[in-house]
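S.K.: One structure, pasted below without further comment.
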Amino acid sequence: LQEKHKILHKLLQNGNSPDEV
Amino acid sequence: PESADLRALAKHLYDSYLKSFPLTKAKARAILSGKTGDIAPFVIHDMKSLTAGEQLIHCKQVPLLEHRQEQGFSHEPNDEAELRFFQRCQVRSVEAVREVTEFAKSIPGFVNLDLNDQVTLLKYGVHEVLISMWASLMNKDGTLISYGQIFMTREFLKSLRKPFCEMMEPKFDFSVKFNALELDDSDMALFLAVIILSGDRPGLVNVKPIEDLQDTVLQALELQLKLNHPESLQLFAKLLQKMTDLRQIVTDHVRLMQLLKKTEVDMCLHPLMQEIIKDLY
Numbered sequence: 116l117q118e119k120h121k122i123l124h125k126l127l128q129n130g131n132s133p134d135e136v
Numbered sequence: 033p034e035s036a037d038l039r040a041l042a043k044h045l046y047d048s049y050l051k052s053f054p055l056t057k058a059k060a061r062a063i064l065s066g067k068t069g070d071i072a073p074f075v076i077h078d079m080k081s082l083t084a085g086e087q088l089i090h091c092k093q094v095p096l097l098e099h100r101q102e103q104g105f106s107h108e109p110n111d112e113a114e115l116r117f118f119q120r121c122q123v124r125s126v127e128a129v130r131e132v133t134e135f136a137k138s139i140p141g142f143v144n145l146d147l148n149d150q151v152t153l154l155k156y157g158v159h160e161v162l163i164s165m166w167a168s169l170m171n172k173d174g175t176l177i178s179y180g181q182i183f184m185t186r187e188f189l190k191s192l193r194k195p196f197c198e199m200m201e202p203k204f205d206f207s208v209k210f211n212a213l214e215l216d217d218s219d220m221a222l223f224l225a226v227i228i229l230s231g232d233r234p235g236l237v238n239v240k241p242i243e244d245l246q247d248t249v250l251q252a253l254e255l256q257l258k259l260n261h262p263e264s265l266q267l268f269a270k271l272l273q274k275m276t277d278l279r280q281i282v283t284d285h286v287r288l289m290q291l292l293k294k295t296e297v298d299m300c301l302h303p304l305m306q307e308i309i310k311d312l313y
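What follows is the structure, encoded as C-alpha cells:
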C-alpha cells in the first residue's frame, strides 16, 4: 500500500510539500 | 474518559485545526457577510471576470505560480477556461491534502497506528474532510476560493461546459444543509477527526485501535456539541448522519474525476490526486 501511495506516505512521514516528493 | 480529558482533547484538536488550516470558518463567514472591514472579495460571475480574477491572483502569487509552472501543474493562458479553472482547483486541493495530513498527524494516537492504515485513512477520508470544510466557504449563491480573495458564483459554475458544470452543484446542495447545523471551527475540528478515524475503510489492517481512538473523539464531540449548542436538540445525531451524505458525494466526485482523466485529453491530473482516487470507489 505504501508503494502505491508514495506521496501520501512521504507526507505522513515527513510533511514535505506534495510537489517536493 | 473524564469530561476534563475530553475537553482537553477538544482544545488540542481545535488548536491544531487552527495551525493546519489557514482560512477558518469564522473568517470565511465574516468575508461572506461583509463583516471583515477588508476589501470585499473579487466576484467571478462570467468569463470576463474570470480572466480578471486570474490576473488578480497571478499578480499576488507570482512566486507560487512560477513554482507550479515548473512542476507543470499551472494553467496555460491558452487553455480552455474550464481546464484552467480545474487545474487551479487541483493545485489548491493538493495543498489542502497536505494540510489535512498535518491535521491528521496531530490527532493523539494517529501516528502510532499501522503506517498502511494511516495511508488508508487519509486516502478515504481526505475528500470527505475537504468537502466538509469547503461548506464553510460556501453559501447558496457561490463559494469563496483562493483563500477568500475571490467569490465565484454558483450560476457561473453551472454555466461551465459538461462535465465541469456538474462538479459543484452536489457540493452546494450539501453545504446548504450542512451549514444549517451552524457548527463553528471548534466543532469542525472534532468532526474532521471523527471522519479521519473511520474504522470501516476498506483494507484496514488493524481496526481496533482506530475505533478506540474514534470512540474517544466521538465522546469529545458529543460533549462539545452539548456545551456549545445547548439549544440544538439531536445535533450530535444529525451531524453523524451527514457522514453518510459525505460518502455518497465523494463517491460521485471520484467517479467524475476518473471520467475526466479518461475523457479530457488535455487535462493533467496531479500524481497525488491520482494516488488518492486510484481504486478508491
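Line by line, the protein sequences give chains P and Y. Numbering-wise (this note's numbering), the first sequence opens with residue 116 and increments by one. Numbering-wise (this note's numbering), the second sequence opens with residue 33 and increments by one. We treat Cβ as the ideally placed atom computed from N, Cα and C, and that holds for glycine. Owing to the predicted nature of the structure, the values given are computational and were not obtained by experimental measurement.
Let's test the definition: count the other Cβ atoms within 10 Å of the Cβ of residue 100 (chain Y) and tell me whether it reaches 16, buried, or not, exposed.
M.R.: Any reading at residue 100 (chain Y) must be qualified, since the residue scores a pLDDT of 48, below 50, and its modelled position is unreliable; the value itself is stated next. Classification of residue 100 (chain Y): buried, given that the 10 Å Cβ count is 16 or more.
S.K.: Residue 150 (chain Y) versus chain P: which residues are under 8 Å apart at the beta carbon?
M.R.: 127
S.K.: Can you tell which of Y:235, Y:250, Y:208 has the C-alpha that lies nearest to the C-alpha of residue 33 (chain Y)?
M.R.: Y:250
S.K.: In whole angstroms, what is the alpha-carbon distance linking residue 217 (chain Y) and residue 253 (chain Y)?
M.R.: 12 Å
S.K.: Along the chain, which unbroken stretches of the beta strand (DSSP E) at least 3 residues long are found entirely within the stretch 125-195 of chain Y?
M.R.: As far as the stretch 125-195 of chain Y is concerned, its whole beta strand (DSSP E) runs of at least 3 residues are 174-177, 182-185.
S.K.: Which residue marks the beginning of the alpha helix (DSSP H) containing residue 63 (chain Y), and which one marks its end?
M.R.: Run containing residue 63 (chain Y): 57-64, per the alpha helix (DSSP H) assignment.
S.K.: For residue 51 (chain Y), decide whether its Cβ has a neighbour in chain P, counting only Cβ atoms nearer than 8 Å.
M.R.: no
S.K.: Shorter than 8 Å from the beta carbon of residue 287 (chain Y) to some beta carbon of chain P?
M.R.: no
S.K.: Is the CB-CB distance between residue 127 (chain Y) and residue 52 (chain Y) below 8 Å?
M.R.: For residue 127 (chain Y) and residue 52 (chain Y), no; Cβs fall outside 8 Å.
S.K.: Residue 64 (chain Y) CB to nearest chain P CB: under 8 Å?
M.R.: It does not: the Cβ of residue 64 (chain Y) has no partner Cβ on chain P nearer than 8 Å.
S.K.: Nearest by alpha-carbon distance to residue 124 (chain Y): which of Y:177, Y:183, Y:155 is it?
M.R.: Y:177
S.K.: Helix, strand or coil: which one does DSSP assign to residue 94 (chain Y)?
M.R.: At residue 94 (chain Y) the pLDDT is 42, less than 50, meaning the model places this residue with poor confidence; the figure from the coordinates comes in the next sentence. Three-state DSSP puts residue 94 (chain Y) in a helix.
S.K.: Ends of the beta strand (DSSP E) at residue 75 (chain Y)?
M.R.: 74-76
S.K.: Compute the Euclidean distance between the alpha carbons of residue 197 (chain Y) and residue 164 (chain Y), then round it to the nearest angstrom.
M.R.: Just so you know, the alpha carbons of residue 197 (chain Y) and residue 164 (chain Y) end up roughly 20 Å apart.
S.K.: Please list, in chain order, the residues of the stretch 129-140 of chain Y that have any C-beta partner in chain P closer than 9 Å.
M.R.: 129, 130, 133, 134, 136, 137
S.K.: Using three-state DSSP, classify residue 298 (chain Y) as helix, strand or coil.
M.R.: Assignment of residue 298 (chain Y) by DSSP, reduced to helix, strand and coil, places it in the coil class.
S.K.: Going by the CB atoms, is the gap between residue 204 (chain Y) and residue 73 (chain Y) shorter than 8 Å?
M.R.: no
S.K.: Relative to the C-alpha of residue 156 (chain Y), which candidate in Y:226, Y:119, Y:39 has its C-alpha closest?
M.R.: Y:226
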